[in-house]
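> Structure incoming, see below.
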Amino acid sequence: MQNQYFVAIVGAGPAGLFGARELANAGARVVLFNRDIKAGGLAEYGIYPTKHTMKNGLRKQFRGVLDHPNVDYYGNVTVGAQGDLSLDDLRALGFQAILVTAGAQGTKWLGLPGEQFTGVYHAKDVVYFYNKLPPFAQKPYRFGKRCAIVGAGNVMMDIARYLMNVQKAEEVIAVVRRGPAEVKFDKKEMEHVIANLDLAALDAEIARVMPIMQSIGQDPAAAKEKILEAQPHAEAKTSETRFRFEFLASPTQMFGDADGYLTQLELEDNTLTLKDGATKARGTGVKRLLDVETVIFAIGDKVDESFGLPVEWNEFVKNPNPRFPIDGISFESTFEDVFVGGWSRKASDGLVGYARKDGTNASKAVWQYLRQTLSPSAADTDAVADRVHGLDKPVVTKDDIQRLEVVEAEEAQKRGLEEFKFDNNEEMLDAMELTMMA
Ligand SMILES: Cc1cc2nc3c(=O)[nH]c(=O)nc-3n(C[C@H](O)[C@H](O)[C@H](O)COP(=O)(O)OP(=O)(O)OC[C@H]3O[C@@H](n4cnc5c(N)ncnc54)[C@H](O)[C@@H]3O)c2cc1C
């Protein structure tokens with residue numbers, strides 16, 4: 032057997048998959064370990080479910096990576112201090128470098144009173160739910176008639192779209208910390224929901240915050256124009272949901288009833304200040320209440336603090352003096368053989384194209400490390416296979432996934448659907464003719 036550099040990649044989202052391709056093409060032997068049965072990460076379980084063309088295009092590229100002869104895949108395997116395999120287990124299996132592309136799996140709660148009420152959720156859990164990722168797909172969610180989403184980005188927009196189109200909420204309120212000039216969503220995402228936007232409410236809200244905007248030199252009319260840029264391509268309404276914004280407002284606490292169900296969200300009004308050219312929100316102490324049954328925090332995520340790498344400011348700590356920087360960026364953790372890429376390097380940052388570039392560059396850093404410090408090894412893939420198949424759970428290979436893809440495609444055709452996805456591990460494993468217990 033020819034010696035090859037032997038690399039473990041933790042997480043088969045876009046960063047891990049494109050990173051695997053880079054290393055496999057360079058000649059390394061790569062093994063992907065993925066928490067979920069299916070590969071794809073947030074491309075499979077985050078991107079809005081009806082973006083079929085984008086999702087299918089990505090799935091095709093991911094399939095190409097998995098088919099590479101230098102790549103093995105083990106799904107349903109969690110790596111980490113509390114996982115099925117630890118980083119030391121991977122080292123003991125002979126991996127010479129470990130690239131962590133496990134995304135940002137930690138939840139960035141604000142620590143507000145009332146977060147425990149039923150009806151208070153974090154965006155990641157909701158998007159995992161409606162994209163059918165087990166076990167989130169099986170959890171009960173309470174989407175009420177009036178729903179607030181805290182955030183001003185594309186994830187907020189995706190969730191607003193879901194609440195309007197699928198849950199048919201009566202009212203969806205985007206709670207935005209800063210003003211109309213600081214919203215972060217793309218025009219393209221607004222096109223899906225703008226037909227439901229209450230234009231009179233937008234005008235009233237912009238008039239309300241106008242003095243604050245003007246006090247720091249902002250142009251309210253220009254901000255409104257930008258928000259409404261999506262109008263010429265507005266998608267037709269599929270519900271009577273009223274969609275509106277609450278600008279310059281931060282959640283401070285939630286109230287609920289005796290049964291533990293959310294009833295109200297308390298907001299504090301903000302004002303804007305300019306500091307070093309950046310617009311900052313500052314609380315005014317003035318509070319008000321919104322009657323809502325659901326609050327969803329779409330404020331970004333952080334990396335998994337229990338993973339086993341040091342964490343600071345929502346991110347894994349990077350080597351500040353990288354030995355192998357790419358474009359001036361450090362992809363190195365505090366361990367010399369452990370690298371980070373994609374949303375594991377910078378949590379909740381950028382679209383798939385960015386994760387792809389980041390995973391690829393992380394792999395370039397890994398490759399430089401291997402070439403400059405180590406010799407190729409025996410790359411004992413049989414020992415890895417024995418180890419994962421010895422775990423007390425079913426482990427999924429790339430061939431199993433291919434079978435699952437065939438069964439799901441057949442099911443979609445039978446049901447006359449554009450796409451069909453099993454929403455639980457049992458049915459996925461049955462489809463692959465694997466059982467729950469090894
Ligand atoms: C709601 C939402 C909508 C989005 N919509 C779009 C869009 O329309 N267009 C677009 O281009 N981008 C979109 N994005 C962004 C895009 O999904 C991300 O840029 C990209 O998926 C990040 O890739 P990643 O590989 O770094 O992480 P992820 O995609 O999160 O992948 C992480 C992988 O790691 C695995 N994993 C996690 N923990 C472990 C562990 N401990 N052990 C083993 N495996 C583990 C997971 O199972 C997963 O497969 C969206 C993101 C969100 C949240």
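Note that the sequence shown covers residues 32 to 469 in our numbering. Ideal Cβ placement from N, Cα and C applies to all residues, glycine included. Bear in mind that the values here come from a model prediction, so they are computed numbers and not experimental data.
How about residue 302 and residue 315: do their beta carbons lie closer than 8 Å?
For the purposes of this step, residue 302 is identified with residue 271 of the sequence shown, where counting begins at 1. For the purposes of this step, residue 315 is identified with residue 284 of the sequence shown, where counting begins at 1. Yes, the Cβ-Cβ distance between residue 302 and residue 315 is below 8 Å.
> Since residue 299 contacts residue 318 with CB under 8 Å, what's their CB separation in whole angstroms?
Sequence index remark: in the sequence shown, residue 299 carries index 268 (1-based). Sequence index remark: in the sequence shown, residue 318 carries index 287 (1-based). Residue 299 to residue 318, Cβ: 5 Å. Contact.
> What does the Cβ neighbour count give for residue 107, buried or exposed, with the cut at 16 atoms within 10 Å?
By one-based count along the sequence shown, residue 107 stands at place 76. Buried: at least 16 other Cβ atoms inside 10 Å.
> For residue 387, which residues from the same chain have a beta carbon less than 6 Å from its beta carbon, with the 5 sequence-adjacent residues on both sides left out?
Here the question's residue 387 lines up with position 356 in the sequence shown. Excluding residues within five positions, the ones whose Cβ falls inside 6 Å are 45 and 49.
> In the structure shown, what three-state DSSP assignment does residue 180 receive?
In the sequence shown, residue 180 corresponds to position 149, counting from 1. Three-state DSSP puts residue 180 in a strand.
> Verify the contact flag: residue 107, CB atom, against every heavy atom of ligand 1, threshold strictly below 7 Å.
Translated into positions along the sequence shown, residue 107 becomes position 76. Every heavy atom of ligand 1 is 7 Å or more from the Cβ of residue 107, so no.
> Please go through the same chain and pick out, in chain order, the residues whose beta-carbon is closer than 7 Å to the beta-carbon of residue 80, but skip the five residues on each side of it.
The residue labelled residue 80 in the question sits at position 49 within the sequence shown. Contacts found: 161 and 162.
> State the Cα-Cα distance for the pair residue 296 and residue 153, rounded to the nearest angstrom.
In the sequence shown, counting from the first residue as 1, residue 296 sits at position 265. In the sequence shown, counting from the first residue as 1, residue 153 sits at position 122. Distance between the alpha carbons of residue 296 and residue 153 is about 15 Å.
> Tell me whether residue 380 sits in a helix, a strand or coil according to DSSP, three-state version.
Along the sequence shown, one-based indexing puts residue 380 at 349. If DSSP states are grouped into helix, strand and coil, residue 380 belongs with coil.
> Using a Cβ-based criterion (distance less than 7 Å to any ligand heavy atom), does residue 435 qualify as near ligand 1?
Within the sequence shown, the letter at position 404 stands for residue 435. No, the beta carbon of residue 435 sits no closer than 7 Å to any heavy atom of ligand 1.
> Can you round the beta-carbon distance between residue 138 and residue 42 to whole angstroms, since I take them to be within the 8 Å contact cut?
If you number the sequence shown from 1, residue 138 lands on position 107. If you number the sequence shown from 1, residue 42 lands on position 11. The pair is not a contact, with the Cβ atoms about 17 Å apart (cut-off 8 Å).
> List the residues that DSSP assigns as beta-bridge partners of residue 152.
Within the sequence shown, numbered from 1, the residue matching residue 152 stands at position 121. DSSP lists 327 as partners of residue 152.
> Taking DSSP as the reference, what is the three-state secondary structure of residue 79?
Taking the sequence shown and counting its residues from 1, the one referred to as residue 79 is at position 48. It is coil, neither helix nor strand.
> With C-beta atoms as the reference, is residue 52 less than 8 Å away from residue 71?
Here residue 52 corresponds to residue number 21 of the sequence shown, with the count starting at 1. Here residue 71 corresponds to residue number 40 of the sequence shown, with the count starting at 1. In this structure, residue 71 does not lie closer than 8 Å to residue 52 by Cβ.
> In three-state DSSP terms, what is residue 285?
If you number the sequence shown from 1, residue 285 lands on position 254. If DSSP states are grouped into helix, strand and coil, residue 285 belongs with the strands.
> Quick check: is any heavy atom of ligand 1 less than 7 Å from the C-beta of residue 66?
Here residue 66 refers to the residue found at position 35 of the sequence shown. True, at least one ligand heavy atom lies under 7 Å from that Cβ.
> Would you list the residues sitting across from residue 60 in a DSSP beta bridge?
The sequence position of residue 60 within the sequence shown is 29, counting from 1. DSSP lists 37 as partners of residue 60.
> How would you call residue 418, buried or exposed, if buried means at least 16 neighbouring beta carbons within 10 angstroms?
Within the sequence shown, the letter at position 387 stands for residue 418. So residue 418 ends up on the buried side.
> With 16 as the cutoff for other CB atoms within 10 Å, does residue 423 come out buried or exposed?
What you label residue 423 is simply residue 392 of the sequence shown in a count that begins at 1. That one is exposed.
> Where do the N-terminal and C-terminal ends of the beta strand (DSSP E) with residue 172 fall, by residue?
As a first step, residue 172 is located in the sequence shown; it is residue number 141 there, counting from the start. Where residue 172 is concerned, there is no enclosing beta strand (DSSP E), given that its DSSP letter is neither H nor E.
> With distance defined between alpha-carbon atoms, name the residue in 185, 436, 447 and 451 nearest to residue 93.
Position 62 of the sequence shown, counting from 1, holds the residue named residue 93. It is 436 whose Cα lies nearest to the Cα of residue 93.
> Got a sec, what are the start and stop residues for the beta strand (DSSP E) residue 365 sits in?
The count along the sequence shown starts at 1 and reaches residue 365 at position 334. Neither: residue 365 is in no beta strand (DSSP E) and is coded neither H nor E.
> Straight-line CA distance for residue 469 to residue 207?
As a position in the sequence shown, residue 469 is number 438, starting the count at 1. As a position in the sequence shown, residue 207 is number 176, starting the count at 1. With a pLDDT of 43 at residue 469, under the threshold of 50, the modelled position of this residue cannot be trusted; read the value that follows with caution. Rounded to the nearest angstrom, the two C-alpha atoms are 48 Å apart.
> Rounded to the nearest angstrom, what separates residue 327 and residue 178 at their Cα positions?
On the sequence shown, position 296 is the one that residue 327 refers to. On the sequence shown, position 147 is the one that residue 178 refers to. Computed Cα separation, rounded: 8 Å.
> By the three-class DSSP mapping on this structure, what secondary structure does residue 358 have?
On the sequence shown, residue 358 is found 327 positions in, with the first residue counted as 1. Residue 358: coil per DSSP, three-state reduction.
> What are the start and end residues of the alpha helix (DSSP H) that includes residue 122?
Counting from 1 along the sequence shown, the entry for residue 122 is found at position 91. From DSSP, the alpha helix (DSSP H) with residue 122 extends over 118-123.
> Is the beta carbon of residue 416 closer than 8 Å to that of residue 130?
By one-based count along the sequence shown, residue 130 stands at place 99. By one-based count along the sequence shown, residue 416 stands at place 385. No, Cβ-Cβ distance for residue 130 and residue 416 is not below 8 Å.
> Leaving out the 5 sequence neighbours to the left and right, which residues in its chain are closer than 7 Å to residue 383 when beta-carbon positions are compared?
For this step, residue 383 is matched to residue 352 along the sequence shown. Around residue 383: 45, 74 and 89.
> Counting C-beta neighbours from all protein chains within 10 Å, is the total for residue 239 16 or more, i.e. buried, or is it exposed?
Taking the sequence shown and counting its residues from 1, the one referred to as residue 239 is at position 208. The residue in question, residue 239, is exposed, as its Cβ has fewer than 16 Cβ neighbours within 10 Å.
> Quick one: does the C-beta of residue 189 sit closer than 7 Å to a heavy atom of ligand 1?
Counting from 1 along the sequence shown, the entry for residue 189 is found at position 158. Within the cutoff, so yes.
> Pull up the DSSP beta-bridge partners for residue 295, would you.
Position 264 of the sequence shown, counted from the first residue, corresponds to residue 295. Answer is 286 and 322.
> Just list the beta strand (DSSP E) runs in the stretch 403-440, keeping only unbroken ones of 3 residues or longer that don't cross its boundaries, in chain order.
Those beta strand (DSSP E) runs which fall completely within the stretch 403-440 and span 3+ residues do not exist here.
> For residue 456, is the classification buried or exposed, using 16 other Cβ atoms within 10 angstroms of its Cβ as the cut-off for buried?
Along the sequence shown, one-based indexing puts residue 456 at 425. Flag for residue 456 reads buried.
> Is the beta carbon of residue 147 within less than 7 Å of some heavy atom of ligand 1?
Translated into positions along the sequence shown, residue 147 becomes position 116. Not under cutoff, so the answer is no.
> Could you tell me if the beta carbon of residue 132 falls within a distance shorter than 7 Å of some heavy atom in ligand 1?
As a working note, residue 132 is residue 101 in the sequence shown. Yes - ligand 1 has a heavy atom lying nearer than 7 Å to the Cβ of residue 132.
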